[in-house]
Structures are given as C-alpha cells and as structure tokens.
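Residue numbering for the sequence shown follows the numbering used here, starting at 856 and increasing by one per position. Cβ atoms here follow ideal geometry from the backbone N, Cα and C, with glycine treated the same way. Please read these numbers as outputs of a predicted model, since none were measured by experiment. Input: a single structure, listed below in structure tokens.
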Amino acid sequence: MAIIVYVKAGECLILSSEQPFLVEINGSFFMSRACGLDVGDRWVGVAISDLTRTIVRPYTTVERDELDAFLQETIAKEKITLMVVGLPKTMSGTESDQTKRTREAFDALQSRFSTVEWVWCDERLSSRCAASMGKHVAPHKTTKDKMANEKRKEHARAAALILDSYLLSGRGSLDK
C-alpha cells in the first residue's frame, strides 16, 4: 500500500517499502534512482525515486519533442539506471492506438538510452487517480493558464503512480 504525503498543494511524495537498489560499476557499488514515464502524445510526465527507491515523487512534465534532451541530462544528473514506462491498455486489457504509439516511443527511447534498463508497467487508472489528487484546485478560482499547469502536473503525478506501482511490486528491488 502506498502512503501519499502532500508537501504542498498539487505535489506529493509516495512512500514504498522496498530496499535500496545497488549497482556495481568497476567493483564499486552505488545506489541508483528509478524514473517513471507517463508517455502521452504531447506531454510526458516524469517521476523519480530517491536513491533507496523507497520514495517516489512527481518530477516534471516535458514536451514530447524535448524528451531526448531532457533524458540525456537527467539520467546522468540523477543517477538513473531504471526507466519504468506506463503501458496504456484499455480497461479490458486490450491494446489501443495509444498503446501502439507508446510502444513505438519505448522502442526508440530504449535504443537511444541503452545503458538504462527499460521496463513496462500497467498504467490503467493512473491518470484518473492523478486527476483526483489534483481535485483541490478550485475551478471557479483558476485561470486557463492555471488549469493548463495543473494538467501538466497531473502527468507527473501519473508517472509517480506508475513508478510506485512497479517498485511496490518488488520488481525494482534487490529481492527480484
């Protein structure tokens, strides 16, 4: 079960109970982060774990055409060794046009960033849950710009839910 802690309006941390993930490079061990992606046609929500992979937080939302440059910098800066991409399926479990587009993006990203492990995670209902997390925004007090900004934050929250789901399953821990 995830525990959601609101830090400030519209942003949250998601805590899980997994062990640190250690990576060995040239005989030295270091802890690394995992990154979750909620890939859409226009925007990509990004979430990042802490070094122990026990805390997941929405990180940002980037334009899809800026994703390569963003990942190039962020993978190195944040010590990311695992990318978890949400796989959008219909509620019945079948694949849709969005699933096909996401698979194409996944394949392209995996080939460009081959030093990172790439995995799928079922993302059904993540966007709906992320939207409900932002319900605190009072529609009568928001401008069009604020609503667009909230929609962008929603993608990052969905990415956090996707990443947290994967880490809670134990697949992102030492206990594989």
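Can you say whether Gly-895 is buried or exposed, counting buried as having 16 or more other CB atoms within 10 angstroms of its CB?
Gly-895 should be labelled buried.
Taking the Cβ atom as the reference point for each residue, do Val-940 and Leu-892 lie within a distance shorter than 8 Å?
In contact: Val-940 and Leu-892 (Cβ atoms closer than 8 Å).
Which residue comes first and which comes last in the alpha helix (DSSP H) that contains Asp-952?
Where Asp-952 is concerned, the enclosing alpha helix (DSSP H) stretches over 952-967.
Please go through the same chain and pick out, in chain order, the residues whose beta-carbon is closer than 7 Å to the beta-carbon of Phe-961, but skip the five residues on each side of it.
Contacts found: Val-940 and Trp-973.
What are the start and end residues of the beta strand (DSSP E) that includes Glu-972?
Element bounds for Glu-972: 972-977.
Going by other Cβ atoms of all chains shown within 10 Å of its Cβ, with 16 needed for buried, is Ala-963 buried or exposed?
So Ala-963 counts as exposed.
Quick check on DSSP: helix, strand or coil for Ser-904?
It is a strand residue.
Along the beta strand (DSSP E) that carries Glu-918, what are the first and last residues, could you check?
It spans 910-918 - the beta strand (DSSP E) in which Glu-918 sits, taken as one unbroken run.
Output the boundary residues of the alpha helix (DSSP H) element that contains Asp-923.
Residues 922-932.
Give the secondary structure of Arg-1012 by DSSP, where H, G and I count as helix, E and B as strand, and everything else as coil.
Note: Arg-1012 maps to helix in three-state DSSP.
Please report how far the alpha carbon of Ser-887 lies from the alpha carbon of Thr-949, in whole angstroms.
Using only the alpha carbons, I get a separation of about 33 Å.
From Glu-1009 to Ala-889, what does the alpha carbon distance come to, in whole angstroms?
Near 19 Å, if we compare the C-alpha coordinates of Ala-889 and Glu-1009.
Using the C-alpha atoms, what's the distance from Leu-1018 back to Val-901?
Roughly 9 Å between the two C-alpha positions.
Are there 16 or more other CB atoms within 10 angstroms of the CB of Arg-908, so buried, or fewer, so exposed?
When all chains shown are included, Arg-908 counts as buried.
Just verifying my parser: in three-state terms, what is the DSSP assignment at Asp-896?
Here Asp-896 sits in coil by DSSP.
Tell me Leu-942's beta-bridge partners as DSSP assigns them.
Looking at the DSSP assignment, Leu-942 forms a beta bridge with Asp-977.
From the DSSP output, read off the bridge partner residues of Arg-1007.
According to DSSP, which records beta bridges pairwise, Arg-1007 is partnered with nothing at all.
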